[in-house]
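Visitor:
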Amino acid sequence: MSLANDIAGTGRIHGLQCRQTVGVELEPEWAAMSPDTIVGDATALPFPDASFDVIATSPAYGNRLADHHEAKDGSRRHSYTHDLGRPLHPQNAGAMQWSKGKAGDAYRGLHRSAWSEAVRVLRPGGQFVLNVSDHVRKGEVQPVTAWHLDALIALGLILTEVHEIPTPRLRYGANARARVGFETIAVLRKRDNPGPKSEVASESISTTSSPTSIVAGRPTGKSISDGTPT
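Residue 289 in this note's numbering sits at position 188 of the sequence shown; the count goes up by one each step and never skips.
#1: Go ahead and label Gln118 buried or exposed: buried means 16 or more other beta carbons lie within 10 angstroms of its beta carbon, across all protein chains shown.
#2: Report all residues from its chain with a CB closer than 8 Å to the CB of Glu218; omit the five preceding and five following residues, and keep chain order.
#3: May I ask which residues mark the beginning and end of the alpha helix (DSSP H) holding Ile114?
#4: In terms of residues, what are the limits of the beta strand (DSSP E) holding Val242?
#5: Just to confirm my understanding: we take Arg292, look at its own chain, exclude 5 residues before and 5 after, and list those with CB closer than 7 Å. What are they?
#6: DSSP on Ala167, reduced to helix/strand/coil?
#7: Can Met102 and Asp154 be called in contact, C-beta distance under 8 Å?
#8: If I'm right that Leu253 touches Trp216 with Cβ under 8 Å, what's the distance once you round it to whole angstroms?
#9: Which class does Asp206 belong to by DSSP, given the choice of helix, strand or coil?
#10: Along the alpha helix (DSSP H) that carries Glu130, what are the first and last residues, could you check?
#11: Closest to Leu211 by C-alpha separation, out of Thr138, Pro191, Phe229, would be which residue?
#12: Could you give the first and the last residue of the continuous beta strand (DSSP E) run that contains Thr122?
#13: Give me the residue from Ile156, His115, Ala132 with the minimum Cα distance to Arg290.
What follows is the structure in structure tokens.
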């Protein structure tokens, strides 16, 4: 089985028992951590159409890990920019904050492009595995997961599994107590013979801790994210 991770980070995906894994990472320092990861851009993948059996990926969540200011105080900080020790590449979504309004256009636009490329290189019948999470902003849970699922379904993928995985999360900072208690693993499938995107976008869905916002047999015209721009 061939598997690609188009946002590979430090390359932990290569620990899976697959015949072939390929990672694509924008930041050279992180790409250099695995010989199976190449430096590249998820919005312009260097592979032919239908190259991989599986795409497994975890996008930036658009939360405070996207902070990229130069900290002047001694408080404890954890973000992609602080971890790397330099500004991220301008195309790196790790420095883009989520917002349901216009401020989130850059985040959404980049991920639409990345998902379009990922679907292009996924073979018909192949699986797209998404690891993503919502987060709390100004006391409200942000529908990041639902937005990504809507974007992928709009590209013609079929949602087949949704699992909520409890995670401890980071528990420091001003919002230490305001955390979503789980991450989501969603599995989608590319149609064997892609047809009109107006068809029903999901089959009978296998879930653990089933999200109430996800309904099997939902037409693509009805947004999971309930009005968030797609």
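Ideal Cβ positions, reconstructed from N, Cα and C, are used throughout, including at glycine.
Guide: Based on what the coordinates show:
#1: Within the sequence shown, residue 118 is the residue found at index 17, counting from 1. It counts as exposed.
#2: Start at 1 with the first residue of the sequence shown, and residue 218 comes out as number 117. The answer, listed in chain order, is Asp107, Ala143, Thr144, Ala145, Leu146.
#3: As a working note, residue 114 is residue 13 in the sequence shown. Per DSSP, Ile114 belongs to no alpha helix (DSSP H) and is neither H nor E.
#4: Locating residue 242 in the sequence shown gives position 141, counting from the first residue. Taken as a continuous stretch (DSSP letters only), the beta strand (DSSP E) holding Val242 covers 241–243.
#5: Indexing the sequence shown from 1 puts residue 292 at position 191. Answer for Arg292: Pro225, Gly257, Ile259, listed in chain order.
#6: Residue mapping note: residue 167 aligns to position 66 of the sequence shown, counting from 1. Here Ala167 scores only 43 on pLDDT, less than 50, and its place in the model should not be relied on; the value that follows carries that caveat. In the structure shown, Ala167 sits in a helix (DSSP, three-state: H, G or I).
#7: Taking the first residue of the sequence shown as 1, we reach residue 102 at position 1. Taking the first residue of the sequence shown as 1, we reach residue 154 at position 53. Cβ distance < 8 Å, so Met102 and Asp154 count as in contact.
#8: For the purposes of this step, residue 253 is identified with residue 152 of the sequence shown, where counting begins at 1. For the purposes of this step, residue 216 is identified with residue 115 of the sequence shown, where counting begins at 1. Yes, Leu253 and Trp216 are in contact; Cβ-Cβ is about 6 Å, under 8 Å.
#9: Position 105 of the sequence shown, counted from the start, is the residue given in the question as residue 206. Helix, per DSSP.
#10: Looking up residue 130 in the sequence shown gives position 29. 129–132 is the extent of the alpha helix (DSSP H) around Glu130.
#11: The residue given as residue 211 occupies position 110 in the sequence shown. Among Thr138, Pro191, Phe229, the Cα nearest to that of Leu211 is on Pro191.
#12: In the sequence shown, residue 122 corresponds to position 21, counting from 1. Thr122 -> beta strand (DSSP E) spans 121–126.
#13: As a position in the sequence shown, residue 290 is number 189, starting the count at 1. The option with the nearest alpha carbon to Arg290 is Ile156.
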